[in-house]
Amino acid sequence: MGRQEHEKAHDRYVRPGNEAGDNSQHKEIAQKALARPSREDKPRPTTREGARGFYTYDAFIAASNSFPGFGTTGDDATRKREIAAFLGQTSHETTGGWAGAPDGQYSWGYCFNKERSPAPYCSPSSTYPCASGKQYYGRGPIQLTWNFNYGQCGRAIGVDLLNNPDLVEKDPVISFKTALWFWMTPQSPKPSSHDVITGRWNPSGADRAAGRVPGYGVITNIINGGIECGIGWNAKVDDRIGFYKRYCDIFRVGYGDNLDCYNQRSFASGVLLNSM
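Per full-length UniProt numbering, the very first residue in the sequence shown carries number 1; after that it's consecutive.
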């Protein structure tokens, strides 16, 4: 997942292996979290090859360098849990897993860097007009979608994504930056996923009345609540939880409470994504 070397203690878990000392073990853990099955005798989706070698540890670390609060907030357990939550949600968005998959379906995240059934996703906008001939389908770990989201994100990370949306599927650092931008940025009335998982979000009375209480489930609501939340058990939410638990287990950290959004009402608005 490359970034510059840092000696700050708060970099210990989000950026393992970049300081002197015993952090090579932490880097190994983080690399394992992003690893996918690799033995050549295993069956795999043919479309999986599109992202092979794209999502790397060095790219993840380079992108996270632009978001200093990510994975550095709170105690060690909170930092690890945030990384696990980020990888869990983005693994679901890019999953190539299936029931009975080798090593289990939750070993098959990060299989895709673009939507499998692309469409233009162009909405009329004077602020973020669609560029001629460009399409704004889901790309990257969070599957960023729609011209106005590419516009907002590009402005925030300093890249012209309106005119160059393909960069999200061609440049792994930019790709991770789009996902981290979404993760760290509140979209009213939604809090940021970062604030939720680090315990910085205080739900309002309206949130509590809607069943939206602190926990991993609210992050699912932030990402795709209008489709997945408030309808009881469903496979997509369960898949997100399965990935999250896998990463928590790798990092040897507890899951926390309120993992699902089965009984949560969705937020009213915010960034729209195309969930896979």
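Even for Gly, the Cβ is constructed at its ideal location relative to N, Cα and C.
Asked                                                                                                                                                        : Found
Does the segment 258-269 come within contact of the segment 206-223, defined as at least 3 CB pairs closer than 8 Å?                                         : yes
Would you report the Cα separation of Arg139 and Asn221, rounded to the nearest angstrom?                                                                    : 20 Å
Going by beta carbon distance, what residues of the same chain come within less than 7 Å of Phe86, once the five residues before and after it are set aside? : Trp183
Which ranges would you report for the alpha helix (DSSP H) in the segment 144-180 if only whole runs of at least 4 residues count?                           : 147-157 and 167-170
Out of Ala84, Ala101, Trp108 and Ile83, which has the shortest C-alpha to C-alpha gap to Thr95?                                                              : Trp108
Is the Cβ-Cβ distance between Arg81 and Ile197 less than 8 Å?                                                                                                : yes
Is it right to say Pro120 is buried, meaning 16 or more other beta carbons lie within 10 angstroms of its own, or is it exposed?                             : exposed
On the three-state DSSP scale, how would you describe Lys80?                                                                                                 : helix
Can you tell me whether Asp257 is buried or exposed, with buried defined as 16 or more other CB within 10 angstroms of its CB?                               : exposed
Can you list, in chain order, the residues of its chain whose CB lies under 6 Å from that of Cys229, leaving out five sequence neighbours each side?         : Asn221, Cys261, Gln264 and Ser266
Taking just the CA atoms, how far does Thr90 sit from Ala235?                                                                                                : 16 Å
In this structure, does DSSP put Gln187 in helix, strand or coil?                                                                                            : strand
Between Leu259 and Gly199, what straight-line distance do the alpha-carbon atoms span, to the nearest angstrom?                                              : 14 Å
Alpha carbon to alpha carbon, how far is Gln105 from Pro186? Give it in angstroms, no decimals.                                                              : 31 Å
For Thr97, is the classification buried or exposed, using 16 other Cβ atoms within 10 angstroms of its Cβ as the cut-off for buried?                         : Here residue 97 is Gly; the residue named in the question, Thr, does not match the sequence. With 16 or more other Cβ atoms within 10 Å, it is buried.
Report buried or exposed for Trp233, applying the criterion of at least 16 other Cβ atoms within 10 angstroms of its Cβ.                                     : exposed
With 16 as the cutoff for other CB atoms within 10 Å, does Ile231 come out buried or exposed?                                                                : exposed
Using the C-alpha atoms, what's the distance from Arg252 back to Phe176?                                                                                     : 24 Å
Determine the extent of the alpha helix (DSSP H) in which Ser64 is found, giving its start and end residues.                                                 : Tyr57 to Ser64
Quick one: does Ile223 have its CB under 8 Å from some CB of chain D?                                                                                        : No chain D appears in this structure, which consists of one protein chain only.
Need the endpoints of the alpha helix (DSSP H) that Glu228 sits in, please.                                                                                  : Tyr216 to Glu228
Which term fits Ile227, buried or exposed, when burial requires 16 or more other beta carbons within 10 angstroms of its beta carbon?                        : exposed
Who are the Cβ neighbours of Thr73 in its own chain at under 8 Å, not counting the five residues just before and after it?                                   : Arg79, Glu82, His194, Thr198 and Arg200
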